[in-house]
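A short worksheet on the structure shown next.
Chains as they are written, first to last, in my numbering: chain A, 1 to 494; chain B, 495 to 650.
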């Protein structure tokens, strides 16, 4: 009896201890709190890009992982949370009708929130006026916005079709919002700034793309509406797509050639066995060996990758807009992880929305660092990028009486050798220092016969000349060896 | 030792099938790459075509050779028709979206059908006792099997 009582007491103590440990452990596990919001009051256009704004906090210090699912795209990032501090993260995502966000931490219950994006069939007009006034534009769905409703990633501006913003609201934007707005302006986004004083005008001067026709300044909301109506009546040059680039955007036949050679070698070995020896084991062994050799070879070679960048601007503009495509051609049925160049990462997205892809987001820089997806032999996966970069190229081209061309560098920096496309011909453009000029003799032009010149000529106006330079992509971290880029600057032919 | 000899004509036909399929698949893939379309479709097409043509080749050769040389001769002929295409099957599968089990199952089915038809040819050889009658009957069985393969893989 005494022994049984002792055993029972020991058991009760053990159970009590376990219960206390469990409670203590449960008390130590952090509780996560996650809220979501989206710019543009949660509106977007079907098939475009928007942004989600995440607020994540925990009541204890803990690492946390966040996964965002929007259509076939998954974005993943990790954060270190501190008690009492809210981590805020903005991530550009496709404007799927339902975006799922899941946050998890070790030992804590995972939290999931869904965010609905309302797709608008009508074009969207964002109206960000400090006094809350709404400007109506025929055929547009107007959204009254506050400063915090504007996104921090330039690609999210694709959600709207035009924006009216006043100087007061501009002043309330943070650095990232301002940078995104200016990038959108450089990419020919239709923006009207109301009530801009001289300092704001200086900031905006030359910042707009398409010859500054898309970035306008108005004195009042009523003037802004008139300017927008006039601007909408004139189509702006659409950004180039991969099909517009032509041959450079197509995969090089190098992999195909290699596969053909390997296949020919394998079939030749089998043919020799058939001809020289009628042995079934030899035929079986040769065929099996050739098959294994093919499989091993495919896994030994690296996927082919190429980066193409097309940039264009107007003479004298401070910025040029660019479109870039990073194509990865698969060689085996495997999962591939590709580093995204940091200079392009702010706008990284899969070109094909039907390709399931996962993007890893660097929480510090709040931009994509890696892309991961499944590939197969000859499978093409492409990452699309878009943005702008500063440029001061300002060619002036004048037609001489003798039929030649006079070219002057009206910018403030020298430019390297390139080509000048004018009147259907391509001429060699010499390197020129700032202020220098050169004369291109009549009859020295060649037919336009290379890829970049063809694209530039197709996009140029009839009465314009285009200066074309090869882009040096050495500064783009991780750019593949087979990368190519062009900068096309248009100017009136006087 | 003679039982492990593969019929040269069966092996040659297997090689010709492999070479023709390789040429077709590579050409279709090159066109797809030039036009920016999906190369996986031509890979799946090549796999299906290889299964069909080899099934017909096996149906026409295995029972006939088994009627002449016994079941092992028929099986060797079937394998000789099937295995030269393995490298291209591996490459086309890598370029396609087909599951590996589908492809392995198709190869196993080809071998199994070849063995079964070789068995039928050998039975005909024993039952009829005359090689010309057995050959004729085996040819009939082979043509019927080839037709059945066609309808099974392509449809009516």
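Cβ atoms here follow ideal geometry from the backbone N, Cα and C, with glycine treated the same way. Remember, it's a predicted structure, so these values are computed and weren't measured experimentally.
With 16 or more other Cβ atoms inside 10 Å of its own Cβ, residue 124(A) counts as buried. Within the region 580–614 of chain B, the residues whose Cβ lies closer than 9 angstroms to some Cβ of chain A are 580, 581, 582, 583, 584, 585, 586, 587, 588, 589, 590, 591, 594, listed in chain order. Residue range 405–409 is occupied by the beta strand (DSSP E) that includes residue 408(A). With a cutoff of 9 angstroms on beta-carbon distance, residue 251(A) and residue 304(A) are scored as near each other.
Secondary structure at residue 384(A): strand, using DSSP grouped into helix, strand and coil.
One thing to note: residue 487(A) has its Cβ no nearer than 9 angstroms to the Cβ of residue 365(A). Annotated as proximal: residue 615(B) and residue 557(B), with beta-carbon spacing under 9 angstroms. Closest in C-alpha terms to residue 378(A), from the list 157(A), 404(A), 258(A), comes 258(A). Close to chain B, meaning a Cβ-Cβ distance shorter than 9 angstroms, are the following residues of the region 286–305 of chain A: 286, 287, 288, 290, 291, 292, 293, 294, 295, 298.
Contact with chain B is found for residue 274(A), since one of that chain's Cβ atoms lies less than 9 angstroms from the residue's Cβ. Within 7 angstroms of the CB of residue 502(B), the CB atoms of chain A belong to 274, 278, in sequence order along the chain.
Take residue 485(A), set aside five residues on each side of it, and the residues of its chain with a beta-carbon closer than 6 angstroms to its own are 309, 471, 473, in chain order. Contact between the region 355–362 of chain A and the region 395–407 of chain A is absent, with fewer than three C-beta pairs closer than 8 angstroms. Residue pairing by DSSP places residue 322(A) opposite 311(A), 387(A) in a beta bridge. Listed in chain order, the alpha helix (DSSP H) runs fully inside the region 103–140 of chain A amount to none, counting runs of at least 4 residues. Residue state for residue 440(A) is assigned as strand, using DSSP reduced to three classes.
Runs of the alpha helix (DSSP H) lying entirely within the region 216–270 of chain A, each at least 4 residues long, are 221–233, 242–245 in chain order. Where residue 94(A) is concerned, the enclosing beta strand (DSSP E) starts and stops at 87–94.
About 7 angstroms separates the CB atoms of residue 239(A) and residue 386(A); that is less than 8 angstroms, so the two are in contact. According to the DSSP assignment, residue 66(A) belongs to no alpha helix (DSSP H) but to the beta strand (DSSP E) extending over 62–70. Closest in C-alpha terms to residue 105(A), from the list 408(A), 143(A), 46(A), 62(A), comes 62(A). With a minimum length of 3 residues, the unbroken runs of beta strand (DSSP E) contained wholly in the region 137–176 of chain A fall at 141–144, 162–166.
Assigned with DSSP and collapsed to three states, residue 6(A) falls in helix. The continuous alpha helix (DSSP H) containing residue 201(A) extends over residues 198–204.
By the C-beta density criterion, residue 51(A) is buried, having at least 16 other C-beta atoms within 10 angstroms. Three or more Cβ pairs closer than 8 angstroms define a contact, and the region 619–639 of chain B falls short of that threshold against the region 520–531 of chain B. C-alpha of residue 130(A) to C-alpha of residue 157(A): approximately 20 angstroms in a straight line. Using a Cβ distance threshold of 9 angstroms, residue 566(B) and residue 504(B) do not count as a contacting pair. Neighbours of residue 577(B) in chain A, taken as residues whose beta carbon is under 7 angstroms from its own, are 283, 284, 287 in chain order.
Judged by DSSP secondary structure, residue 396(A) falls outside any alpha helix (DSSP H) and instead within the beta strand (DSSP E) spanning 395–399. Taking a Cβ-Cβ cut-off of 8 angstroms, residue 355(A) has no neighbours in chain B, whose nearest Cβ is about 11 angstroms from it.
Against chain A, the beta carbon of residue 499(B) has neighbours under 8 angstroms at 278, 279, 280, listed in chain order. Beta-bridge pairing by DSSP links residue 459(A) to no other residue. Boundaries of the beta strand (DSSP E) around residue 489(A): 484–492. Counting every other CB atom within 10 Å of its CB across the protein chains shown gives residue 149(A) a total of 16 or more, marking it as buried. Going by C-alpha positions, residue 469(A) is about 13 angstroms away from residue 315(A).
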